[in-house]
Amino acid sequence: MHRLANYGMVPKHDFSQQISSCLLATVPEKFYDKVEEGSIILKKSQSFSFCEEGILVDGEPTSTKPLKTDVVILATKFRGDQKLRDIFVSQVFQDYKQGSSDETFPLYMEIVHPRIPQLAVIGFSESFSNLHTSEMKCRWLIELFDGTFKLPSIKEMENDMVELDEYLKRSSGEHYRRSCMALYIWYHDQLCKDMGWNPKRKKGFFAELFEPYGPLDYVSPSRSN
Numbered sequence: 001m002h003r004l005a006n007y008g009m010v011p012k013h014d015f016s017q018q019i020s021s022c023l024l025a026t027v028p029e030k031f032y033d034k035v036e037e038g039s040i041i042l043k044k045s046q047s048f049s050f051c052e053e054g055i056l057v058d059g060e061p062t063s064t065k066p067l068k069t070d071v072v073i074l075a076t077k078f079r080g081d082q083k084l085r086d087i088f089v090s091q092v093f094q095d096y097k098q099g100s101s102d103e104t105f106p107l108y109m110e111i112v113h114p115r116i117p118q119l120a121v122i123g124f125s126e127s128f129s130n131l132h133t134s135e136m137k138c139r140w141l142i143e144l145f146d147g148t149f150k151l152p153s154i155k156e157m158e159n160d161m162v163e164l165d166e167y168l169k170r171s172s173g174e175h176y177r178r179s180c181m182a183l184y185i186w187y188h189d190q191l192c193k194d195m196g197w198n199p200k201r202k203k204g205f206f207a208e209l210f211e212p213y214g215p216l217d218y219v220s221p222s223r224s225n
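Under this note's numbering, residues 1 to 225 are what the sequence shown spells out, in order.
#1: Assign D217 to one of two classes, buried (16 or more other C-beta atoms within 10 Å of its C-beta) or exposed (fewer than that).
#2: Compute the Euclidean distance between the alpha carbons of D95 and P117, then round it to the nearest angstrom.
#3: In the DSSP assignment, find the beta strand (DSSP E) that holds S39 and state where it starts and stops.
#4: Cβ atoms of F145 and L195: under 8 Å apart, would you say?
#5: Assign T26 to buried or exposed, taking buried as 16 or more other Cβ atoms, counted over all protein chains shown, within 10 Å of its Cβ.
#6: What is the DSSP secondary structure of K150, reduced to helix, strand or coil?
#7: Should G147 go down as buried or exposed, given a rule of 16 or more other Cβ atoms within 10 Å for buried?
#8: Report the rounded CA-to-CA distance for H132 versus F210, giving the unit in angstroms.
#9: Quick one: give me the first and last residue of the beta strand (DSSP E) that I55 is part of.
#10: If you drop the 5 nearest sequence neighbours on each side, which residues of the same chain put their C-beta closer than 6 Å to that of S101?
#11: Do you know offhand how far M157's Cα is from I87's?
#12: Please go through the same chain and pick out, in chain order, the residues whose beta-carbon is closer than 6 Å to the beta-carbon of Y32, but skip the five residues on each side of it.
#13: Just the C-alpha distance for S127 and S153, rounded to the nearest angstrom, thanks.
#14: Does the separation of the CB atoms of L42 and F48 fall below 8 Å?
#15: Pick helix, strand or coil for A120, following the three-state DSSP scheme.
#16: Can you find the residues in the same chain that come closer than 7 Å, C-beta to C-beta, to C138, ignoring five residues on each side of it along the sequence?
#17: Can you give the Cα-Cα distance for L74 and K155, rounded to whole angstroms?
#18: Below 8 Å between beta carbons: does that hold for S125 and E135?
The following block contains the structure:
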């Protein structure tokens, strides 16, 4: 924590909100060692500009002298919900996608919108294992196309989305609009149930209780060997 404080990187939200809203981030090994030696430079700024030698950071004592850089990484709070909204020409579909100001991005099972046909979104919502969760969503979608199960009625899907939205508001506070499945094993269980898979993927009672879950537990519809 002291290294975060030294470089002004301590977040304003508390740890429980960070976990429940997927704001938790990890850095590579020896990241702050590189910061201390000067090969990585951390800067907070409302604006900056590129120049031939690097960048000029507004509000810094060096704002008239460029920071010589090889690579610039911008942490800009990318708004994926706005990007998805803007893919539609139809204002009606744009309004469906945006939701109101106090709702999360509305997708049933974090994949389909009840009122927009022939559209599935993979990879928008996050978990602590994004590639694995996206693969599970693709499997769910294929099983849907194959007729393994049918979607509930529009009303039932919307009620389910409202229930999840209320949970996120309670657990994530001001960050609830982020589309994130913090309880991703529970989420994978729901996908398994729809596909007709046994959500208990481990072999044995104690393994189910104590062994961690991972991608290999979902290789096939049957339980792990």
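Every residue, glycine too, gets a C-beta built ideally from N, C-alpha and C.
Computed from a predicted model, the values in this text were never measured in an experiment.
Taking the geometry as given:
#1: Here the question's residue 217 lines up with position 217 in the sequence shown. Classification for D217: buried.
#2: Within the sequence shown, residue 95 is the residue found at index 95, counting from 1. Within the sequence shown, residue 117 is the residue found at index 117, counting from 1. D95 and P117: Cα-Cα distance of roughly 15 Å.
#3: For this step, residue 39 is matched to residue 39 along the sequence shown. Per DSSP, S39 lies in no beta strand (DSSP E) and is assigned neither H nor E.
#4: The residue given as residue 195 occupies position 195 in the sequence shown. The residue given as residue 145 occupies position 145 in the sequence shown. Residue identity check: residue 195 is Met in the sequence provided, not Leu. M195 places its beta carbon 8 Å or farther from that of F145.
#5: Looking up residue 26 in the sequence shown gives position 26. Residue burial is scored here from C-beta neighbours: T26 has fewer than 16 other C-beta atoms within 10 angstroms and is therefore classed as exposed.
#6: As a first step, residue 150 is located in the sequence shown; it is residue number 150 there, counting from the start. Here K150 sits in coil by DSSP.
#7: Locating residue 147 in the sequence shown gives position 147, where the first residue counts as 1. Exposed is the call here.
#8: Within the sequence shown, residue 132 is the residue found at index 132, counting from 1. Within the sequence shown, residue 210 is the residue found at index 210, counting from 1. In a straight line, the C-alpha of H132 is about 20 Å away from that of F210.
#9: The count along the sequence shown starts at 1 and reaches residue 55 at position 55. Segment G54 to V57, the beta strand (DSSP E) holding I55.
#10: Stepping through the sequence shown from its first residue, residue 101 is reached at position 101. Its pLDDT being 46, under 50, S101 is placed unreliably by the model, and the measurement read from it follows with that caveat. Hits under 6 Å: none found.
#11: Taking the sequence shown and counting its residues from 1, the one referred to as residue 157 is at position 157. Taking the sequence shown and counting its residues from 1, the one referred to as residue 87 is at position 87. If you take the alpha carbons of M157 and I87, they lie about 23 Å apart.
#12: Stepping through the sequence shown from its first residue, residue 32 is reached at position 32. R3, listed in sequence order.
#13: Counting from 1 along the sequence shown, the entry for residue 127 is found at position 127. Counting from 1 along the sequence shown, the entry for residue 153 is found at position 153. The alpha-carbon separation between S127 and S153 amounts to approximately 27 Å.
#14: By one-based count along the sequence shown, residue 42 stands at place 42. By one-based count along the sequence shown, residue 48 stands at place 48. In this structure, the beta-carbon distance from L42 to F48 does not fall below 8 Å.
#15: On the sequence shown, residue 120 is found 120 positions in, with the first residue counted as 1. In the structure shown, A120 sits in a strand (DSSP, three-state: E or B).
#16: Along the sequence shown, read from residue 1 onward, the residue named residue 138 stands at position 138. So the qualifying residues of the chain are I122.
#17: The residue you call residue 74 lines up with position 74 of the sequence shown. The residue you call residue 155 lines up with position 155 of the sequence shown. Just so you know, the alpha carbons of L74 and K155 end up roughly 41 Å apart.
#18: To locate residue 125, count along the sequence shown from 1; it is residue 125. To locate residue 135, count along the sequence shown from 1; it is residue 135. Contact flag unset, no.
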